[in-house]
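Chains A and B, in that order, are what the protein sequence lines are. Everything in the first sequence is counted per this note's numbering, starting at 1 for the first residue and increasing by one. Everything in the second sequence is counted per this note's numbering, starting at 1 for the first residue and increasing by one. Following: one structure in structure tokens, then a few remarks.
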Amino acid sequence: MLIDFLNALALIGNFVLVPGIAYGSQLALGALGVTMVYAVLRFSNFAHGETMSFGAMVTILVTWVLQARGIGLGPLPTALLALPIGMLATISLCVATDRLVYRYYREKKAVPVTYLIVSVGVLFFLSGLIRFIIGPKDQVFADGQRFIMKARAFKEMTGLDQGLAIKTSQGVTVISAIVIVALLFWFLNRTRTGKSMRAYSDNEDLALLSGINPERVVLITWIITGALAAIAGTLYGLDKGYKPFTYLGLVLPIFASAIVGGVGNPLGAIAGGFVIAFSELLVTFAYKRVVGYLTPGDWVPDGLVQLLSTDYKLAVSFFILVIVLLIKPTGIFSGKTL
Amino acid sequence: MSRSANNALLFAAMAVLLMLVGAMQSWNVALAILNMCLISAIMTLGVNIQWGYAGLFNAGVMGFTALGGLAAIVVSVAPVPAAWDAGGARAILGLLAGLATIAGGIWLWKKLPVPRTARIWLTVLLAVSGYGLMRLILDPAVDAIEAVEPAMTGFLGGFGLPIMFSWIVGGIFAAIVAWAIGKVALGLRSDYLAIATLGISEIIIYFLKNEDWLTRGVKNVNGLPRPVPYEIDLQEALWLHDLAAWVGIPVVEASSLIVKLNYAALFLVVLIAIFWLSERALKSPWGRMMRAIRDNEIAAGAMGKNVTGRHLQVFVLGSAVIGLAGAMLATLDGQFTPASYQPLRFTFLVWVMVIVGGSGNNLGSILGGFVIWFFWIEAEPIGLALMNFVTSGMALDSPLRLHLLENAAHTRLMTMGLVLLLVLRFSPRGLIPEVKR
Numbered sequence: 001m002l003i004d005f006l007n008a009l010a011l012i013g014n015f016v017l018v019p020g021i022a023y024g025s026q027l028a029l030g031a032l033g034v035t036m037v038y039a040v041l042r043f044s045n046f047a048h049g050e051t052m053s054f055g056a057m058v059t060i061l062v063t064w065v066l067q068a069r070g071i072g073l074g075p076l077p078t079a080l081l082a083l084p085i086g087m088l089a090t091i092s093l094c095v096a097t098d099r100l101v102y103r104y105y106r107e108k109k110a111v112p113v114t115y116l117i118v119s120v121g122v123l124f125f126l127s128g129l130i131r132f133i134i135g136p137k138d139q140v141f142a143d144g145q146r147f148i149m150k151a152r153a154f155k156e157m158t159g160l161d162q163g164l165a166i167k168t169s170q171g172v173t174v175i176s177a178i179v180i181v182a183l184l185f186w187f188l189n190r191t192r193t194g195k196s197m198r199a200y201s202d203n204e205d206l207a208l209l210s211g212i213n214p215e216r217v218v219l220i221t222w223i224i225t226g227a228l229a230a231i232a233g234t235l236y237g238l239d240k241g242y243k244p245f246t247y248l249g250l251v252l253p254i255f256a257s258a259i260v261g262g263v264g265n266p267l268g269a270i271a272g273g274f275v276i277a278f279s280e281l282l283v284t285f286a287y288k289r290v291v292g293y294l295t296p297g298d299w300v301p302d303g304l305v306q307l308l309s310t311d312y313k314l315a316v317s318f319f320i321l322v323i324v325l326l327i328k329p330t331g332i333f334s335g336k337t338l
Numbered sequence: 001m002s003r004s005a006n007n008a009l010l011f012a013a014m015a016v017l018l019m020l021v022g023a024m025q026s027w028n029v030a031l032a033i034l035n036m037c038l039i040s041a042i043m044t045l046g047v048n049i050q051w052g053y054a055g056l057f058n059a060g061v062m063g064f065t066a067l068g069g070l071a072a073i074v075v076s077v078a079p080v081p082a083a084w085d086a087g088g089a090r091a092i093l094g095l096l097a098g099l100a101t102i103a104g105g106i107w108l109w110k111k112l113p114v115p116r117t118a119r120i121w122l123t124v125l126l127a128v129s130g131y132g133l134m135r136l137i138l139d140p141a142v143d144a145i146e147a148v149e150p151a152m153t154g155f156l157g158g159f160g161l162p163i164m165f166s167w168i169v170g171g172i173f174a175a176i177v178a179w180a181i182g183k184v185a186l187g188l189r190s191d192y193l194a195i196a197t198l199g200i201s202e203i204i205i206y207f208l209k210n211e212d213w214l215t216r217g218v219k220n221v222n223g224l225p226r227p228v229p230y231e232i233d234l235q236e237a238l239w240l241h242d243l244a245a246w247v248g249i250p251v252v253e254a255s256s257l258i259v260k261l262n263y264a265a266l267f268l269v270v271l272i273a274i275f276w277l278s279e280r281a282l283k284s285p286w287g288r289m290m291r292a293i294r295d296n297e298i299a300a301g302a303m304g305k306n307v308t309g310r311h312l313q314v315f316v317l318g319s320a321v322i323g324l325a326g327a328m329l330a331t332l333d334g335q336f337t338p339a340s341y342q343p344l345r346f347t348f349l350v351w352v353m354v355i356v357g358g359s360g361n362n363l364g365s366i367l368g369g370f371v372i373w374f375f376w377i378e379a380e381p382i383g384l385a386l387m388n389f390v391t392s393g394m395a396l397d398s399p400l401r402l403h404l405l406e407n408a409a410h411t412r413l414m415t416m417g418l419v420l421l422l423v424l425r426f427s428p429r430g431l432i433p434e435v436k437r
């Protein structure tokens, strides 16, 4: 009896809990970028997915150079070593886009929807640039040890029938996400610059009167956004493989995470990321074997006992988004300020 | 120069461009581009109704286009009697159960006299049980239908009606979905509509890719019936042989040119009709009210205009036009391939067309559809020629040269982004600006 229960737990852990934590961290990092731009610049940045893709692309290119020279991190993926350069490149890209494109509309005090259309232009340009540089195909760049814990090792350790595997990329994702989020919150809550950003996001006019330099706030926002985008893009690529066109599809779950949590609220972005990730996995998971373990005897249901086919993963984030829009449009943590 | 002379000049320039392609590449290519330009122009008219008249950002153009494609299947494909026998009635029953669940859920949500929390839980309970019931009825039917000769059919087929009907049905499909989205997302902040429509368009594509019993999914539906004659039949007609000899081109080419011209004539009629209707609407008191709402929602609301209601109306109308264009697109392709719908091509490119052409101006939108589609197609040969020129100094097997040539096609995405950004910056009102009345 207890063994069956533990087996069911291991099954859910392997197919829902572990992938969910990793995917949730990736979404949370992406949503943090979107939410930062929203809180300070007050528009929905449709180009964020491509920004993530750009960061991952630069990281991949640097990884290849490192791999060719035989430089690596042992069991950890080489991409971690290349990531700082990817971050720098993405930060430069964000700052350059702001100087060349967005600043003009800020000075003109354009309405949010104008920014949105401008970000579509940036989205086009970046997606072309990325495909031009690295091509539209899949790229493999993960190396090092593949698993932290293999399914068989877990079985031998616990004596259960069901294995629980943890990929290195998943471990790396979660640990980096924790570090990044801790750093970000320390920055926003403890440093003078972070406080000035929150003040600016809260009330622009009041912040200006207090002598906060808006251009500096915007610059720092883009620096943080670029760094977050590069990290999120690379981690997602490490975990699921890099393919340029998937990043446009990521925009929807990322926006859903940001809105569900309360757009403009960093804490909300993180909560939203996990809500979306776990709902996607829980709704599309086939509970067939879990039910088999939890019911007495050898009975196993005929069907997959799946609420929704895995093809509809994306629909889940959309439906949660719609429900939140209907019931509490401000999100779980009422948003709009940083 | 007067405004109309300026417009005439712009359209004449466009015609010259198409003729250049005809003379330099081939008339077949030129006509193929023209046909797609006409369809793109109808799509941009639809988006312009939403954006130009009312300032609504619809990021789900792709979804409405694909719904038009679905209409083409449902209307025109011959029914599959074996599939209907296997599970047709049961599938319809399942769908009815789904619809009843939605209707019941809305009724519970709106009308039930209980506290809010209880209402939420009751609605959730109803939704979950209704969904379970629908799956219970629908799933066996779907399996039965998909088992009927999966390599040939494996779906219900359609009604076997002339495909031109699907243009109207496509509009109706899109209108229904637009109404549902509008009910949820309009009235909230403007970005929410953009994100909601972006989401629903992806879901529509996933639905069309996966519900094989309805659309054959990624197995595609090929050989949709045509509203115009087939090349093979034309080639047997004597008058075509005479005509081809008189013009001095091979018979095969003449037949394909005539087919394309037939399509162009049909599309042109639809385009002119929609353009005329849109212009009438824009000049009417209704159009004036829409502009008033667009320019100042609060003031218009204070004057007693129902802002959300008008937004819903204009959103449904614009989406219907996009759905119609989607059905026309499937008709022109003669096939329905759900995997071919990409947001960059079907949503954001249409947006580039509207902005570049001139938002708020129907003529401008049409011109934008023509110009952007032309360069979207021609950017590939131009980009390749440019890359050949740039790399002409390099060694023939230089990896950089090969890379540049291989990826030259992607420059068109960059070009479109650049064009959009430049127009927004230096000429935000577009090629043919909105007329101030």
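All C-beta atoms, glycine included, are put in the ideal place defined by N, C-alpha and C. In this text, all values refer to a predicted model and were calculated from it rather than measured experimentally.
Residue i (DSSP reduced to helix, strand or coil)
{"i": "L160/A", "result": "coil"}
{"i": "Q145/A", "result": "coil"}
{"i": "A286/A", "result": "strand"}
{"i": "V114/B", "result": "coil"}
{"i": "P76/A", "result": "Just to set this straight, residue 76/A is Leu in the shown sequence, not Pro. L76/A falls in the strand class under three-state DSSP."}
{"i": "Q26/A", "result": "helix"}
{"i": "F336/B", "result": "strand"}
8 angstroms Cβ cutoff, residue i in contact with chain A
{"i": "Y206/B", "result": "yes"}
{"i": "A196/B", "result": "yes"}
{"i": "R429/B", "result": "no"}
{"i": "W167/B", "result": "no"}
{"i": "W374/B", "result": "Sequence inspection shows Phe at residue 374/B; the Trp mentioned does not correspond to that position. No, its Cβ sits nowhere closer than 8 angstroms to a Cβ of chain A."}
{"i": "R119/B", "result": "no"}
{"i": "N48/B", "result": "no"}
Interface flag, residue i vs chain B, CB-CB below 8 angstroms
{"i": "A31/A", "result": "no"}
{"i": "L326/A", "result": "yes"}
{"i": "D311/A", "result": "yes"}
{"i": "G135/A", "result": "yes"}
{"i": "S53/A", "result": "no"}
{"i": "G20/A", "result": "no"}
{"i": "Y23/A", "result": "no"}
{"i": "V283/A", "result": "no"}
{"i": "R333/A", "result": "A quick correction: the sequence has Phe, not Arg, at residue 333/A. So no, F333/A is outside the interface."}
{"i": "G261/A", "result": "no"}
{"i": "G49/A", "result": "no"}
{"i": "P112/A", "result": "yes"}
{"i": "R131/A", "result": "yes"}
{"i": "S119/A", "result": "no"}
{"i": "L338/A", "result": "Because the pLDDT of L338/A is 43, which lies under 50, any placement of that residue in the model is unreliable, and the question is left without a value."}
{"i": "P301/A", "result": "no"}
{"i": "V122/A", "result": "yes"}
{"i": "S44/A", "result": "yes"}
First through last residue of the alpha helix (DSSP H) which encompasses residue i
{"i": "M290/B", "result": "P285 to D295"}
{"i": "S44/A", "result": "Note, S44/A: premise wrong, no alpha helix (DSSP H); not H, not E."}
{"i": "I438/B", "result": "No statement about residue 438/B is possible, as the shown extent of chain B runs from 1 to 437 and does not include it."}
{"i": "M414/B", "result": "T411 to F426"}
{"i": "K313/A", "result": "K313 to I327"}
{"i": "D212/B", "result": "D212 to T215"}
{"i": "V177/B", "result": "F165 to A185"}
{"i": "S26/B", "result": "No alpha helix (DSSP H) contains S26/B, which DSSP labels as neither H nor E."}
With a cut-off of 8 angstroms, do at least 3 Cβ pairs link the segment 214 to 234 of chain B to the segment 2 to 22 of chain B? no
Under 8 angstroms, CB to CB, which of the residues in the segment 175 to 204 of chain A have a partner in chain B? none
Would you check if there are 3 or more beta carbon pairs closer than 8 angstroms linking the segment 420 to 430 of chain B to the segment 355 to 366 of chain B? yes
In the segment 126 to 151 of chain B, which residues sit with their C-beta less than 7 angstroms from some C-beta in chain A, listed in chain order? none
Interfacial residues, the segment 400 to 414 of chain B to chain A, with Cβ spacing under 9 angstroms: H403, L404, E406, N407, A408, A409, H410, T411, R412, L413 and M414
At a Cβ cut of 8 angstroms, what residues of the segment 292 to 318 of chain B count as close to chain A, listed as they run along the chain? none
At a CB distance below 8 angstroms, what residues from the segment 343 to 358 of chain B approach chain A? Give them in sequence order. P343, L344, F348, W351, V352 and I355
Residues in the segment 386 to 398 of chain B with C-beta within 8 angstroms of chain A's C-beta atoms, listed in sequence order? none
Looking at C-beta atoms only, is the number of pairs between the segment 159 to 179 of chain B and the segment 322 to 329 of chain B that lie closer than 8 angstroms three or more? yes
Under 8 angstroms: do the segment 73 to 83 of chain A and the segment 140 to 150 of chain A share three or more Cβ pairs, one atom per stretch? yes
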